[in-house]
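Reading through the structure tokens given below for one structure.
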Amino acid sequence: LPTLEASGVALFALSYDSVAVLRAFADKHGIAFPLLSDEGSHVTGVFVLDESGVIVGKRFHESYRERDTGAALLA
17 LPTLEASGVA LFALSYDSVA VLRAFADKHG IAFPLLSDEG SHVTGVFVLD ESGVIVGKRF
77 HESYRERDTG AALLA
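If you count the sequence shown from 1, you need to add 16 to reach the working numbering.
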């Protein structure tokens, strides 16, 4: 997270878990970035936004088991 922030990147994580579950998870693990709930699993990708909140990039994978690393997203 510090490396991303130093590069001017804000991190948000998206999960199929409920808000209550995410809140408890963040509290337990000291997560300081926003965890967003997508209980219906409607979002299937990574979105890159600019400083104004405009989507400037999208990355999708065939399986939820494939994930981009922070380094890959910065590249």
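C-beta atoms are modelled at their ideal positions from N, C-alpha and C, and glycine is treated no differently.
It should be emphasised that the depicted structure is a prediction, and the values quoted were computed from it without experimental measurement.
*Just to confirm, are V59 and D66 a CB contact at a threshold of 8 Å?*
no
_Member of L27, A87, A42, S31 whose CA lies at the smallest distance from the CA of G56_ = S31
*Measure the C-alpha to C-alpha separation of F41 and I47 and round it to an integer number of angstroms.*
8 Å
*Under 8 Å, do L17 and F63 count as touching if we go by C-beta distance?*
no
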